[in-house]
Amino acid sequence: SAVISQKPSRDICQRGTSLTIQCQVDSQVTMMFWYRQQPGQSLTLIATANQGSEATYESGFVIDKFPISRPNLTFSTLTVSNMSPEDSSIYLCSVARQGVFYEQYFGPGTRLTVT
Amino acid sequence: QQQVKQSPQSLIVQKGGISIINCAYENTAFDYFPWYQQFPGKGPALLIAIRPDVSEKKEGRFTISFNKSAKQFSLHIMDSQPGDSATYFCAASTASGAGSYQLTFGKGTKLSVIP
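Protein chains in written order, with my numbering: chain A, 38 to 152; chain B, 102 to 216.
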């Protein structure tokens, strides 16, 4: 498996501001994914972030709202921009190890509340 | 993303009993079927996974049964324990085409094991 950390673990933000979430992995990984999980709900994929290429966004998610960086094989950031209360959710990153792309491991999540 | 249907939404089982959670999928291109376990406030943890070339996989008290023709797979938890109380998600992915290795999740099953 992989050890994944996320910062911050939780935050309370005001409407209209932006928050950048960091995801750090203890080993090099090819694929990283960002998910959103509303309390008590399932996981929804926001985007796939592969190093050296632009992030690929799923339907309903756009780069202007959720810009992603992937500067190297162990780190990625997701920014939630111009936040509204509807963005209150848990944001999770996951990684797929090189050579074992099927297996995805999740970070602990960032719990975001927008007031 | 193609849908993965999961049932039941919630499940209460006596300690020592068998917990059974079912999932059905539509996309015949799916070729990897993992189950995740999530405790409150934590990220999902990969529990067990199966590929379509086998009909069953067992790891300790956890067993996946897979029926390719019916496009269904299930998780069986034998000798269920209170510590198994968590939300379980089935998922599916494919190695081919657009969106390869992206996980499509079921809606989750909240399992409660009572003493």
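All C-beta atoms, glycine included, are put in the ideal place defined by N, C-alpha and C.
Which listed residue (the options) has its alpha carbon closest to that of residue i
i: residue 131(A); options: 169(B), 144(B), 163(B); result: 144(B)
i: residue 149(B); options: 141(B), 119(B), 174(B); result: 174(B)
i: residue 9(A); options: 63(A), 110(A), 54(A), 62(A); result: The first residue shown for chain A is 38 and the last is 152, placing residue 9(A) beyond what the model contains.
i: residue 76(A); options: 152(B), 211(B), 112(B); result: 211(B)
i: residue 107(A); options: 45(A), 93(A), 118(A); result: 93(A)
i: residue 189(B); options: 180(B), 176(B), 195(B), 198(B); result: 176(B)
i: residue 136(B); options: 115(B), 159(B), 216(B); result: 159(B)
i: residue 179(B); options: 165(B), 127(B), 151(B), 202(B); result: 165(B)
i: residue 192(B); options: 113(B), 111(B), 138(B); result: 138(B)
i: residue 121(A); options: 55(A), 42(A), 43(A); result: 55(A)
i: residue 102(A); options: 73(A), 127(A), 114(A), 118(A); result: 118(A)
i: residue 83(A); options: 207(B), 203(B), 209(B); result: 203(B)
i: residue 113(B); options: 208(B), 156(B), 185(B); result: 185(B)
i: residue 217(B); options: 90(A), 66(A), 140(A), 85(A); result: For residue 217(B) there is no data in the structure shown, the boundaries of chain B being 102 and 216.
i: residue 73(A); options: 96(A), 129(A), 104(A); result: 129(A)
i: residue 45(A); options: 123(A), 152(A), 127(A); result: 127(A)
i: residue 43(A); options: 69(A), 53(A), 51(A); result: 69(A)
i: residue 67(A); options: 90(A), 53(A), 100(A), 79(A); result: 90(A)
Close Cβ partners of residue i (< 6 Å) along its chain, the five nearest in sequence each way excluded
i: residue 150(A); result: 49, 125
i: residue 112(A); result: 61
i: residue 38(A); result: 142
i: residue 126(B); result: 105, 172, 193
i: residue 134(B); result: 151, 174, 193
i: residue 208(B); result: 107
i: residue 105(A); result: 84, 86, 92, 115
i: residue 153(B); result: 132, 169
Beta-carbon contacts of residue i that lie in its chain and below 8 Å, excluding the five residues immediately before and after
i: residue 142(B); result: none
i: residue 47(A); result: 147, 148, 149, 150
Close Cβ partners of residue i (< 7 Å) along its chain, the five nearest in sequence each way excluded
i: residue 197(B); result: 130
i: residue 51(A); result: 152
Whole-angstrom C-beta distance between residue j and residue i, which should lie under 8 Å
i: residue 58(A); j: residue 115(A); result: 5 Å
Practice task
Name, going along the chain, the residues of the region 197 to 215 of chain B whose beta-carbon falls closer than 7 Å to a beta-carbon of chain A.
Solution key: Answer set for the region 197 to 215 of chain B: 202, 203, 204, 206, 207, 208, 209.
Exercise for the section: Note down, one range per segment and in chain order, each beta strand (DSSP E) of at least 3 residues found wholly within the region 110 to 172 of chain B. Expected result: List check, beta strand (DSSP E) in window: 111 to 115, 120 to 126, 134 to 139, 146 to 151, 157 to 160, 163 to 168.
Exercise for the section: With 7 Å as the C-beta to C-beta threshold (strictly closer), list the residues of the region 115 to 148 of chain A near chain B in chain order. Expected result: Cβ contacts with chain B come from 129, 133, 138, 139, 140, 141, 142, 143, 144, 145, 146.
Problem - Members of the region 68 to 91 of chain A that neighbour chain B once the beta carbon cut-off is set at 9 Å - result: Only 68, 70, 72, 74, 77, 78, 79, 80, 81, 82, 85 from the region 68 to 91 of chain A bring a Cβ to less than 9 Å from some Cβ of chain B.
Exercise for the section: Would you list, in chain order, the members of the region 121 to 152 of chain B that have their beta-carbon closer than 9 Å to a beta-carbon of chain A? Expected result: So the list reads 132, 133, 135, 137, 139, 142, 143, 144, 145, 146, 147, 150, 152, given in the order they occur along the chain.
Problem - Interface positions of the region 182 to 195 of chain B facing chain A (Cβ-Cβ less than 7 Å), listed along the chain - result: Residues of the region 182 to 195 of chain B with a Cβ closer than 7 Å to any Cβ of chain A, in chain order: 190, 194.
Practice task
Please list the segments of the beta strand (DSSP E) lying wholly inside the region 94 to 150 of chain A, counting only runs of 3 or more residues, in order along the chain.
Solution key: Runs found: 105 to 109, 112 to 117, 126 to 134, 137 to 143.
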